[in-house]
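Residues in the sequence shown are numbered consecutively from 176, following my numbering.
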Amino acid sequence: MSDLSAREETTVEIYDSLLALLGQGRLPWLDFLDALKKTLTGDIAKAIGSIAVVLGGLMIAFGEGGSKRTVAGILLGLGIALSAIQFVDWMDAL
Numbered sequence: 176m177s178d179l180s181a182r183e184e185t186t187v188e189i190y191d192s193l194l195a196l197l198g199q200g201r202l203p204w205l206d207f208l209d210a211l212k213k214t215l216t217g218d219i220a221k222a223i224g225s226i227a228v229v230l231g232g233l234m235i236a237f238g239e240g241g242s243k244r245t246v247a248g249i250l251l252g253l254g255i256a257l258s259a260i261q262f263v264d265w266m267d268a269l
């Protein structure tokens with residue numbers, strides 16, 4: 176067997192393997208990305224947001240300068256983190 180035919184055979188095997196993998200309908204990294212999406216927009220986002228709101232409230236209570244701007248930023252960021260999935264789904268439906 177020549178070197179060229181071995182390369183062609185390897186190329187065909189790799190191509191067949193890729194087609195079989197793609198035929199499953201899901202790419203291998205999608206499960207990881209789905210888990211990451213659920214983690215970052217779920218309980219962790221709510222916990223971090225709750226802590227940030229409490230800290231913002233304490234800043235207002237103790238008269239920290241610029242605290243209203245900080246609290247507004249916290250609330251905006253929390254709203255984006257918790258509603259990002261619904262927003263993307265809504266945009267996809269258009």
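We treat Cβ as the ideally placed atom computed from N, Cα and C, and that holds for glycine.
Predicted model only: the values in this text are computed from it and were never measured.
In angstroms, rounded to a whole number, what distance separates the CA positions of residue i and residue j?
{"i": "arginine 182", "j": "aspartate 206", "result": "33 angstroms"}
{"i": "valine 228", "j": "tyrosine 190", "result": "53 angstroms"}
{"i": "alanine 236", "j": "alanine 222", "result": "21 angstroms"}
{"i": "valine 187", "j": "leucine 208", "result": "30 angstroms"}
{"i": "glycine 241", "j": "isoleucine 255", "result": "21 angstroms"}
Helix, strand or coil: which one does DSSP assign to residue i?
{"i": "phenylalanine 237", "result": "coil"}
{"i": "tryptophan 204", "result": "coil"}
{"i": "glycine 217", "result": "coil"}
What do you get for residue i, buried or exposed, if any count of 16 or more other CB atoms within 10 angstroms of its CB means buried?
{"i": "glycine 231", "result": "buried"}
{"i": "isoleucine 249", "result": "buried"}
Answer yes or no: do residue i and residue j have a C-beta to C-beta separation smaller than 9 angstroms?
{"i": "leucine 257", "j": "threonine 216", "result": "yes"}
Beta-carbon within less than 8 angstroms of residue i's beta-carbon, same chain only, minus the 5 sequence neighbours each way: which residues are those?
{"i": "isoleucine 260", "result": "Lys212 and Thr216"}
{"i": "glycine 238", "result": "none"}
Under 6 angstroms Cβ to Cβ from residue i, same chain only, skipping five residues before and after it: list those, please.
{"i": "glycine 224", "result": "Leu253"}
Taking 8 angstroms as the cut-off, is the C-beta of residue i nearer than that to any heavy atom in the ligand ZN?
{"i": "aspartate 206", "result": "This structure lacks the ligand ZN; in fact it carries no ligand of any kind."}
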